[in-house]
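First to last, the sequence lines map onto chains Z and W.
Quick note on numbering: the working numbering labels position 320 of the first sequence as 322, and the sequence is numbered without any gaps.
Quick note on numbering: the working numbering labels position 331 of the second sequence as 530, and the sequence is numbered without any gaps.
Each residue gets a CB set at the ideal place from its N, CA and C atoms; glycine is no exception.
Quick caveat: nothing in here was measured; it's all calculated off a predicted structure.
Report on the structure given below.
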Amino acid sequence: MSGLGRALAGTGPLTGLALRRDRIMLTAWVYVLTAWAVGTAYSLKKLYPTVAAQQRFAATVAHNSLFIALYDPLFGRSLGALTAWRISNPTALLAALMSVFIVVRHTRGDEEAGRLELVGAASVGRQAALASALLVAFGASLAFAALTAAGLIFLGLPAPGAFSLGLAIASAGWVFAAVTAVAVQIAETARVARSIAIAVVTAAYLLRDGSAAKGASWLIWLTPVGWAVQVRPFGGERLWVLALSAGCTAIAVAASFALSARRDLGAGLVPVRPGRERASGWLGGPSALAWRLQRSGLVGWTAGLAAIGAVIGILTPAIGTLVGTSSAMGHAFTKLGGSSGIADAFLAAMAGLYGLVAAAYAVAVTLRLREEETSERAEPVLAAAVGRIRWAASHLVVAVAGTGVLLAAAGLSSGVADAVRTGNAGQVPRLLGAATAQLPAVWLFVGIAMALFGCLPRLDVAAWAALMAFLLLGQLGPLLRLPQWAMDISPFTHVPKLPGTAFTLTPLIWLTVAAVLLTTAGLAGFRQRDIG
Amino acid sequence: MTGVIEVSGLHKSFGHTSALDGLDLRVRTGEVHGFLGPNGAGKTTTIRVLLGLLRADAGTARLLGGDPWHDATTLHRRLAYVPGDVTLWPNLTGGEVIDLLGRLRGGLDDKRRAALLDRFDLDPKKKARTYSKGNRQKVALVAALASDAELLILDEPTAGLDPLMEAAFRACIEEERSAGRSVLLSSHILSEVEALCERVTIIRAGRTVESGTLPELRHLTRTSITAELSDVPYDLTGLPGVHDLHIQGTRVQCQVDSENLGEFLSRLTRVGVRSLESHPPSLEELFLRHYAAGATGVTASSAGSVVTAHGASGQEPSREGSCPRTPDGRSF
Numbered sequence: 003m004s005g006l007g008r009a010l011a012g013t014g015p016l017t018g019l020a021l022r023r024d025r026i027m028l029t030a031w032v033y034v035l036t037a038w039a040v041g042t043a044y045s046l047k048k049l050y051p052t053v054a055a056q057q058r059f060a061a062t063v064a065h066n067s068l069f070i071a072l073y074d075p076l077f078g079r080s081l082g083a084l085t086a087w088r089i090s091n092p093t094a095l096l097a098a099l100m101s102v103f104i105v106v107r108h109t110r111g112d113e114e115a116g117r118l119e120l121v122g123a124a125s126v127g128r129q130a131a132l133a134s135a136l137l138v139a140f141g142a143s144l145a146f147a148a149l150t151a152a153g154l155i156f157l158g159l160p161a162p163g164a165f166s167l168g169l170a171i172a173s174a175g176w177v178f179a180a181v182t183a184v185a186v187q188i189a190e191t192a193r194v195a196r197s198i199a200i201a202v203v204t205a206a207y208l209l210r211d212g213s214a215a216k217g218a219s220w221l222i223w224l225t226p227v228g229w230a231v232q233v234r235p236f237g238g239e240r241l242w243v244l245a246l247s248a249g250c251t252a253i254a255v256a257a258s259f260a261l262s263a264r265r266d267l268g269a270g271l272v273p274v275r276p277g278r279e280r281a282s283g284w285l286g287g288p289s290a291l292a293w294r295l296q297r298s299g300l301v302g303w304t305a306g307l308a309a310i311g312a313v314i315g316i317l318t319p320a321i322g323t324l325v326g327t328s329s330a331m332g333h334a335f336t337k338l339g340g341s342s343g344i345a346d347a348f349l350a351a352m353a354g355l356y357g358l359v360a361a362a363y364a365v366a367v368t369l370r371l372r373e374e375e376t377s378e379r380a381e382p383v384l385a386a387a388v389g390r391i392r393w394a395a396s397h398l399v400v401a402v403a404g405t406g407v408l409l410a411a412a413g414l415s416s417g418v419a420d421a422v423r424t425g426n427a428g429q430v431p432r433l434l435g436a437a438t439a440q441l442p443a444v445w446l447f448v449g450i451a452m453a454l455f456g457c458l459p460r461l462d463v464a465a466w467a468a469l470m471a472f473l474l475l476g477q478l479g480p481l482l483r484l485p486q487w488a489m490d491i492s493p494f495t496h497v498p499k500l501p502g503t504a505f506t507l508t509p510l511i512w513l514t515v516a517a518v519l520l521t522t523a524g525l526a527g528f529r530q531r532d533i534g
Numbered sequence: 200m201t202g203v204i205e206v207s208g209l210h211k212s213f214g215h216t217s218a219l220d221g222l223d224l225r226v227r228t229g230e231v232h233g234f235l236g237p238n239g240a241g242k243t244t245t246i247r248v249l250l251g252l253l254r255a256d257a258g259t260a261r262l263l264g265g266d267p268w269h270d271a272t273t274l275h276r277r278l279a280y281v282p283g284d285v286t287l288w289p290n291l292t293g294g295e296v297i298d299l300l301g302r303l304r305g306g307l308d309d310k311r312r313a314a315l316l317d318r319f320d321l322d323p324k325k326k327a328r329t330y331s332k333g334n335r336q337k338v339a340l341v342a343a344l345a346s347d348a349e350l351l352i353l354d355e356p357t358a359g360l361d362p363l364m365e366a367a368f369r370a371c372i373e374e375e376r377s378a379g380r381s382v383l384l385s386s387h388i389l390s391e392v393e394a395l396c397e398r399v400t401i402i403r404a405g406r407t408v409e410s411g412t413l414p415e416l417r418h419l420t421r422t423s424i425t426a427e428l429s430d431v432p433y434d435l436t437g438l439p440g441v442h443d444l445h446i447q448g449t450r451v452q453c454q455v456d457s458e459n460l461g462e463f464l465s466r467l468t469r470v471g472v473r474s475l476e477s478h479p480p481s482l483e484e485l486f487l488r489h490y491a492a493g494a495t496g497v498t499a500s501s502a503g504s505v506v507t508a509h510g511a512s513g514q515e516p517s518r519e520g521s522c523p524r525t526p527d528g529r530s531f
């Protein structure tokens, strides 16, 4: 057998094992992505049934920096072009995140847990785990591309556009799978590898967002997310752009294999330095432990949201001056932002985005309790003089206060960026208020995750499913013209669309009450149940 | 006098699987109590019930005079626990974890901490993720032994330690005993249990099968006899309580139940005894006999054919033939 063949021996069975372990998660990812893409095309078709209506709508949104910032540039006037414009951005982000999670889970995650050691002792090459993780990630994106293309063709869209749209989005998944493959070689823990990869994804999106600013459109060529857009599905497809993604993927994959061949199992490129011999004086209780475990995560998330907020703050004034003439577009956008002022509508939509990110943080932090429990690290803590409620509360405090820090950072940084650009600090309190108004809806996710952890610990992943479902509802609901009661299921529907509309306190109080009730139910359940 | 642990008729099932099926366990104040059983017998489940992590379905459990479920937090100030599978927070150092666990329990003795680190040869500056299994175990052991807890609950604490560290562990437990602390020691290492424990409880399939001091338990089982007789014996077969009888000329080898020992020896003396060697059953034999009951492939008699050194000496039992090394990994 050749050297490469030996290094890859066992890739087939490992790929099978990964597919078996992830059969539900993979199906869910591909389903959500496909439903988003095909569902958007379907709802646009319903909203604008005639070619004339589609062209009218397209004309109002084309070449508009507001919409470019929110979605993508529009290439063409057809239903297909409108679909590509609406979905490329969010689905490429989801495909990228899917790749990050898959690759980390089956490489560094397994390595950290010691499972790769078990596998590596069998007749399995040293590159087999990496290869199989990449195969699964590439395959998941490809499955999405194929299913989306099939769905779009079924809706009557032309096949070349349908396939190129699927491939364009899948290519973002491929690039970030390869980037993650490098990240897992560098970092020694799955958590750090995931953070590095997500930071790269965020940077790619910030570049894309920045390209909406005047004179900065060339930025879009620096980011894999931009390449997906530049394929221009349904707008005179430029498939050669995919070669950029493919080349970038190939280089990153080659780098990851080279790095992996040079390092020891379990080691990263950054060696571990010795730490403190004694714990600091403050590290003495469950709250201190929770803070110690969660602080680096909070710093990372806060930095990420602050960066997003700053880019949005820089973009906003340009949007405010560029638009405001087209009443038809203003009307179309009101549907999504819920406000008459275009810039305010954009900022309100962005505040909703901060809310979603903060909700994801809330779920991750709260479910850390479950992670501590299943890894049996909770056991020595609970076997010491620490009550269950006190232990659970220690992480809940991080979730409740941490989401506040996150949203305040996003609101503040966008306000300050706006002030720096316009020389007027009037937006700072408005944007800070708009961001923090999301808090009660975000806290509801702390409640949902805690209720699941306390009462149905095996179904803790349902907290992520709920977040996904509300995200889809918020995106597709207005386009599908769902009745109000259906939209009301999502907590984000009840948050006042700030800035721009009147502030209403009542829904926020109800959301907070619901969050408190769910958290209490979770704590009560946790007190009664078995640990482990 | 009440014991530190009083468990009777404990039941616990997970779904349809019954983990504990009427388990009894009594640990007296100031004793080191061995807790033995094959994998999956319910040792860890029992310990988790005692720690208030699991709620028993039926039966009673008292820990240090309190209810392990309701009084968990207050009771935990008075005990220290070493889990069987020690997982630590990967980015904390061993020293930080020891201090943290000590403080969570209500403080630890700095002098003892330093002495134990030295004794177990543990580098406290290393990040937990770089520790081997044995070193993670040492972190938990140092944290527990440096506390001033009245009761130590140790779940297979030496599973990852090398022989040198195991010796250090034994010395520590001896000191704990003289300091008057009570210890519940769940273990698979029988020489360790024989060397350290006054009383032993053996469980199987969630139920207690034996409990008592080692001499008491020995009494319940067989003694190995090897004898050189002055003549070829003819009437030894078919005697009650005699097992694994091998006669080669004038040489007799067998296992005899304790209650039949007198009658068997009188038969031998009738023939005439030139030399006689008898071995009291080791804990290992007791263990294998109980473990093997109902197991496929290994029977009580094959387990009983092991001739070993004596219990209390604390030596590793020597073995004869190709008997299974450990009772692990078999189906029960």
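Just tell me which of the options has its CA closest to the CA of residue i.
i         : options                                       : result
Leu349(Z) : Ala403(Z), Thr182(Z), Ala437(Z) and Gln57(Z)  : Ala437(Z)
Tyr356(Z) : Ile344(Z), Ala309(Z) and Ala206(Z)            : Ala309(Z)
Leu371(Z) : Ile316(Z), Ala451(Z) and Ala64(Z)             : Ala451(Z)
Pro362(W) : Ser390(W), Ile424(W), Cys453(W) and Val203(W) : Ser390(W)
Gly306(Z) : Ala362(Z), Ser282(Z) and Pro485(Z)            : Ala362(Z)
Ser213(Z) : Leu261(Z), Asp74(Z) and Leu120(Z)             : Asp74(Z)
Glu205(W) : Ala257(W), Leu263(W), Val451(W) and Ala358(W) : Leu263(W)
Leu316(W) : Val126(Z), Ser247(Z) and Arg280(Z)            : Arg280(Z)
Ala11(Z)  : Ser416(Z), Ala133(Z) and Ala20(Z)             : Ala133(Z)
Arg406(W) : Phe213(W), Val392(W) and Gly221(W)            : Gly221(W)
Thr228(W) : Leu428(W), Ala378(W), Arg254(W) and Gln452(W) : Ala378(W)
Arg466(W) : Phe486(W), Leu482(W), Thr436(W) and Ser481(W) : Thr436(W)
Ile446(W) : Phe463(W), Ala426(W), Thr201(W) and Leu460(W) : Ala426(W)
Determine whether the beta carbon atoms of residue i and residue j lie at a separation below 8 Å.
i         : j         : result
Ala523(Z) : Cys457(Z) : yes
Ala179(Z) : Val233(Z) : no
Arg146(Z) : Leu35(Z)  : According to the sequence provided, residue 146(Z) is Phe. The question's Arg does not apply to it. Yes, the Cβ-Cβ distance between Phe146(Z) and Leu35(Z) is below 8 Å.
Ala60(Z)  : Arg79(Z)  : yes
Thr278(W) : Leu209(W) : It is worth fixing the name first, because residue 278(W) is Leu in this sequence and not Thr. Their beta carbons are not under 8 Å apart, which means Leu278(W) does not touch Leu209(W) by this criterion.
Ala9(Z)   : Arg128(Z) : yes
Thr400(W) : Leu224(W) : yes
Leu291(Z) : Asp298(W) : no
Ala39(Z)  : Gly111(Z) : no
His478(W) : Ser410(W) : no
Ala342(W) : Val296(W) : yes
Asp430(W) : Val392(W) : no
Leu510(Z) : Ala439(Z) : yes
Ala257(Z) : Val184(Z) : yes
Check for me: the beta strand (DSSP E) holding residue i runs from which residue to which?
i         : result
Arg261(W) : Ala257 to Leu262
Ser258(Z) : Element bounds for Ser258(Z): not the beta strand (DSSP E) but the alpha helix (DSSP H), Val243 to Arg264.
Gln57(Z)  : Not the beta strand (DSSP E): Gln57(Z) falls in the alpha helix (DSSP H), residues Val53 to Val63.
Tyr280(W) : Leu278 to Val281
Ile491(Z) : No beta strand (DSSP E) holds Ile491(Z); DSSP gives it neither H nor E.
Arg304(W) : Where Arg304(W) is concerned, there is no enclosing beta strand (DSSP E), although the alpha helix (DSSP H) it sits in stretches over Gly293 to Arg304.
Gly221(W) : Thr216 to Val226
So the alpha helix (DSSP H) residue i belongs to, where does it begin and stop?
i         : result
Lys242(W) : Lys242 to Leu249
Ala421(Z) : Arg390 to Thr424
Ile198(Z) : Ala192 to Gly212
Where are the alpha helix (DSSP H) runs, 4 residues long or more, that stay fully inside the segment 375 to 424 of chain W, in chain order? 389 to 395 and 413 to 418
Assess, as a yes-or-no matter, whether the segment 496 to 512 of chain Z is touched by the segment 208 to 219 of chain W under the definition of 3 or more beta carbon pairs within less than 8 Å. no
May I have a chain-ordered list of the alpha helix (DSSP H) segments no shorter than 4 residues that lie completely inside the segment 101 to 187 of chain Z? 112 to 115, 117 to 122 and 130 to 156
Touch check for the segment 240 to 250 of chain W and the segment 346 to 354 of chain W: three-plus C-beta pairs under 8 Å? Enough Cβ pairs lie closer than 8 Å, so yes.
Stretch-stretch touch, CB-based, cutoff 8 Å, three pairs: the segment 455 to 473 of chain W with the segment 437 to 447 of chain W: Taking a contact to require three or more Cβ pairs closer than 8 Å, the segment 455 to 473 of chain W and the segment 437 to 447 of chain W qualify as touching.
At what residue ranges does the segment 425 to 485 of chain W contain a whole run of the alpha helix (DSSP H), taking only runs of 4 or more? 460 to 470
Count the CB pairs spanning the segment 111 to 127 of chain Z and the segment 46 to 56 of chain Z that are closer than 8 Å, and state whether there are at least three. no
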